[in-house]
Structure formats: structure tokens, C-alpha cells
Amino acid sequence: MEKVWKKIVETLGKKLGKTANDILAEAVVFGGVKNGEILLYVSNKIIGKKVESEILPHLEKLIVDKTVEELSPIEKIKIEYKEPGKNFADSLLCSPNDSNYENDDYLNPKYTFETFVSSSSNEFAYAGCRAVALQPGRVYNPFFIYGGVGLGKTHLMQAIGHSCRNQHKGLKVKYVTSEQFTNEYISALGEGKMKNFHKKYRNIDVLLIDDIEFLAGKDRTQEEFFHTFNDLFQRNKQIVICSDRPPSRIQRLEDRLVNRFEKGLMVDIQSPDYELRMAILNRMADGSKLKLGSDVLKFMAENVTTSIRLLEGAFIRVMSYHSLLNKPIDVNMVEKVLQDIIRPGSKKVTAGLIQKMVAAHFHISLSDMASKSKQKKVAFPRQIAMYLTKELTDLSLAQIGDSFGGRDHSTVMYSCAKVTQLIMADNSFKGEIDSLIEKIREE
Ligand code: ADP
Ligand code: MG
173 MEKVWKKIVE TLGKKLGKTA NDILAEAVVF GGVKNGEILL YVSNKIIGKK
223 VESEILPHLE KLIVDKTVEE LSPIEKIKIE YKEPGKNFAD SLLCSPNDSN
273 YENDDYLNPK YTFETFVSSS SNEFAYAGCR AVALQPGRVY NPFFIYGGVG
323 LGKTHLMQAI GHSCRNQHKG LKVKYVTSEQ FTNEYISALG EGKMKNFHKK
373 YRNIDVLLID DIEFLAGKDR TQEEFFHTFN DLFQRNKQIV ICSDRPPSRI
423 QRLEDRLVNR FEKGLMVDIQ SPDYELRMAI LNRMADGSKL KLGSDVLKFM
473 AENVTTSIRL LEGAFIRVMS YHSLLNKPID VNMVEKVLQD IIRPGSKKVT
523 AGLIQKMVAA HFHISLSDMA SKSKQKKVAF PRQIAMYLTK ELTDLSLAQI
573 GDSFGGRDHS TVMYSCAKVT QLIMADNSFK GEIDSLIEKI REE
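Be aware that the sequence shown starts at 173, since it is given in the working numbering, and climbs by one per residue.
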């Protein structure tokens, strides 16, 4: 169905003006087709209104005219509001207000240096953030933090914001996700308020821009961001950027942005080591009124390893289970409650799911997974997907080859060996793969 959406965007894109085209390509997420209804997600009401007035009539016409054949069964178009990517642990952890913090100028009061636990997996990033916060705009500019999901990037970035506000009174600090930046840009464009937009973003002393990988493929927003970046940078304003991977690995990010980012300091956060996981658990246990046995904490630290967010989610899940059902907390109980986190194998991961997730991660189309193309931009993700299929399913090399467009088992073997080698040689690549695995298992 994603193909259909692509076709819609292409067809409408040709017909509509630049603004409507931008809205469609950059601010609307296709939610699928079900029971004759096509679902579109937008992240705020302003964009929802624009979509309703500027896009829907054209989309309806496409359906009526049967321009895009696959749309014939559709009778209704539905628009829903959806916050960007929240997963299980997030929904447990975030009070409704938390998301406001992320979507506004405000910083989440929880995310300070004082509440951040430093260990060998994040100490470089932590030290860099401290230095930036001490002398914003002076030492490391831009400052780029990257690492897998749930490892503390947003926390550290916001800690810089808090610290700057506290230590340097009068500094204008702004935290924004690149998705929010995109939406604001599109709204400003649509409403003819670009002047206000420029004023807002060029009047900042410390710009914290989160999840920059979201800008992949959004050419016009990238261009706008490039100008914002240059304007701030030339006036020695601090720019801090977070991403789930290093700049050079963000597909479809303009070279000039990658170059700018790489000129500053880049720091990575790696998967949490055992000491860090234990320290976080101990802190959470201290904060709760319950006494937890050291065997229970040890069991959790040993088994929930991929991210701090997941660890926090696991802890909260155990606590909720205990207080709702009044069951004593012991290793058996924890093992049962956390079964799907600890042994995700019980959920069936398929080659198809892996292909879908890897294609989305690298912004290539699902059909590239089975295509004959040897272009690096598709061949490499395909090799990663083969490796993951070997790791996460019980399929044989030959079966894996089959599901990737009838490739030979030796091709699969070569791909697995190559990816394994890269994982061993490059920690940040390992982090990217770990976080992909986590995303696949959470699906
Ligand atoms: P990311 O932005 O890398 O996906 P977050 O910054 O949102 O991750 O972190 C996820 C959760 O884990 C947050 O609640 C954060 O406070 C917590 N967290 C991550 N790393 C640490 C750490 N080193 N010390 C304390 N809390 C942490
Ligand atoms: Mg984050």
C-alpha cells in the first residue's frame, strides 16, 4: 500500500503548487487503507486544516476519476492526529504533560545533568555536553550526539538547555524536534508567515534540534534548516543536534548539511553497559517505596540490555504488576512479567517484517529488497536485512536467499559475514543495528 501512497504523492505533486506539495510530502503520514477508508496522520491541527482545505478535494477527485487504480475501493478519507513515534515504554513513562515538554519550548524538568548517570558507554557524550553547557557557542559548535533509541540523547540535549538557562541568564534556549521544525516551516509557508518563522529561529542563542534523521528526503525543509543553521553559526550561537546515526549515514541528507555537522564535534552514546544498567535500576528502586531484592535487580540488569528506555519501561511494568495484583516481586515473577522483552523470540519475526523495517530505516522501497540492483544505497541495506533475518528467524540460508528475490545461499552467507565484520569493527554501526533489532522486535 505504501506504493499507492507514493503514487498519490507523485500524481498530486505534479498537479498542485509547491506549498501543497510540501505539505503532502513532508507533513502527512500515510496510515493505510481499511474497510474502504484511507487514513492519514498529521501531527497538529494547523496542518490538519491545511490538508483538509488544500489536499482533500484533489485526493477525492483522484478517487472519483479513478486516476490511481488502487484507490477505487475507497469511500472515505479520514484524518487523525498522532504524536510522532511513541513506543510501549514511552507510553508508560510519559505523563500526558511530558509530550508537551517535547513539543514546546519548554524542557522536560526530569532531563538534567543531575539526573543523568554517566558511565563508560556515555561518558564522552556526557563530558562534551558539560563543556558545551559551560560555554555555549564557544567550544564545540555544532555539537552532534548520535546513538540508538532510548540511550539518553534527548535527556543529555535537554540537560544542556537547562544548564544554559540556569548559568547564563538571558540566553534564549530552544528545544525542537526536527519533525516539529518541519511542521512549523510548512505552516509558516502555507500561511505566508515566513518572516515570523525566520525571526523566531534566528533569535535563538542555543538551538537544540532533536532527531535530525527525520529531515531525510525533505529537501525544502533541509534547505530552510541550512539557512537557519548558517545564520546562527555565523553569529556564534550554539547548535546541538541529535540523531540515531552519524550524519554520513543519514540517507538523503544534503552533503552540505553533512559537511557542516561533521565540522563540529561528534559524540556517540553506546548501548548501556552492565554497571550503568545496574546504577539506573538502583536509582529507580531507591526512588520507589518498595524494597527490591538484589537478585531481582541483577536479573533485570542482565536481561534488559538494549536501552535505558526499555529498562525504565521494564521497571515500571514490574512495579505496576506488583501494585495491581499485589504479587510479591521475585525473580520468577519478573521473568514472567518481562517475558516479551527478555525473550522476544516468542513473538514471530518474519523476513517480510525485517525487510519492511530495514527499508523504512534506509528510506528505500520494499521492492529494493528483492531487486537485482547492485547500487550501494540499496545493496547495503539489503545485506543488513539478510543478516538480521539470519539472526532473528530460524530460516536457512537458502530460504533467506529465496525471500530476497531468489538469491543464492552463498550471497546470503557473504552478506552475513560482511555485516558481522562491520559490527565488530565499528561501535556506532553496532548501535545502529542494535536499535534496528529493538525496533523490529517491538513491532
Ligand atoms: P533517546 O533520545 O536516546 O532515544 P532518551 O533521552 O529519551 O533517549 O532516554 C530514554 C529514557 O532513559 C529517558 O527517560 C531518560 O531519562 C533515560 N536515560 C537514558 N540514559 C540515562 C542515563 N544515563 N541516566 C539516567 N537516565 C537515562
Ligand atoms: Mg530522543
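All C-beta atoms, glycine included, are put in the ideal place defined by N, C-alpha and C.
- Taking A551 as the centre and dropping the five residues before and after it, the same chain places the C-beta of S545 closer than 8 Å to its C-beta, in chain order.
- In this structure D540 is buried. Its beta-carbon is surrounded by 16 or more other beta-carbon atoms within 10 angstroms.
- Of the candidates S292, G204, K520, F534, K520 places its Cα closest to the Cα of D566.
- Per the CB criterion, closer than 5 Å to any heavy atom of the ligand ADP, the qualifying residues run in chain order as F288, V289, V321, G322, L323, G324, K325, T326, H327, I480, R481.
- The Cβ-Cβ distance between I536 and L560 does not fall below 8 Å.
- For K250 and I235, the gap between their C-alpha atoms comes out near 14 Å.
- Note on D458: under 16 other CB atoms within 10 angstroms of its CB, so exposed under the neighbour-count rule.
- Counted as a single uninterrupted DSSP element, the beta strand (DSSP E) harbouring L212 occupies residues 209-214.
- For L231, there is no enclosing beta strand (DSSP E); the enclosing alpha helix (DSSP H) covers residues 228-237.
- Sixteen is the threshold: when 16 or more other Cβ atoms of the shown chains lie within 10 Å of the Cβ of P419, as they do, the residue is buried.
- DSSP places Y278 outside both helix and strand once states are collapsed to three, so it counts as coil.
- Look at D440: its beta carbon is at least 7 Å from all of the heavy atoms in the ligand MG.
- DSSP, read as helix, strand or coil, puts V439 in strand.
- Here the region 276-290 lies against the region 323-330, with 3 or more beta-carbon pairs under 8 Å apart.
- The three-state secondary structure of S582, taken from DSSP, is helix.
- Distance from the C-beta of D606 to the nearest heavy atom of the ligand MG is not below 7 Å.
- Residue environment analysis places E247 among the exposed positions, since fewer than 16 neighbouring C-beta atoms fall within 10 angstroms of its C-beta.
- A Cβ-Cβ contact shorter than 8 Å links D606 with S443.
- Every unbroken stretch of the alpha helix (DSSP H) spanning 4 or more residues and falling wholly within the region 476-512 is given here in chain order: 480-497, 503-509.
- Assigned with DSSP and collapsed to three states, Q423 falls in coil, not helix or strand.
- Under the 10 Å beta carbon count, Q410 is surrounded by 16 or more other beta carbons and is classified as buried.
- For G333, the enclosing alpha helix (DSSP H) begins and ends at 325-339.
- Not a single heavy atom of the ligand MG lies less than 7 Å from the C-beta of C301.
- Of the other Cβ atoms in all chains shown, 16 or more fall within 10 Å of the Cβ of H334; this residue is therefore buried.
- Here F401 has P314, I411, L429, R432 as same chain residues with Cβ atoms under 8 Å from its own Cβ, once five neighbours each way along the sequence are excluded.
- Taking C-beta separations shorter than 6 Å and ignoring five residues to either side along the sequence, the partners of G577 in its chain run A542, following chain order.
- The Cβ atoms of I572 and A523 sit closer than 8 Å to each other.
- Leaving aside the five residues that flank E242 on each side, the residues in its chain whose CB is nearer than 6 Å to its CB run, in chain order, V176.
- Residue state for Y559 is assigned as helix, using DSSP reduced to three classes.
- Distance check between G362 and each of N504, V223, F386 places V223 closest, using alpha-carbon atoms only.
- For Q527, the enclosing alpha helix (DSSP H) covers residues 523-533.
- Using a 10 angstroms sphere on the CB of N375, the tally of other CB atoms stays under 16, which defines it as exposed.
- Proximity of the beta carbon of D382 to the ligand MG is indicated: a heavy atom of the ligand is located closer than 7 Å.
- Taken in chain order, the unbroken stretches of alpha helix (DSSP H) that lie wholly in the region 334-400 and span 4 residues or more are 350-362, 366-373.
- Take the alpha-carbon of A486 and the one of S293: they are about 20 Å apart.
- Boundaries cannot be given for S460, as no beta strand (DSSP E) includes it and DSSP labels it neither H nor E.
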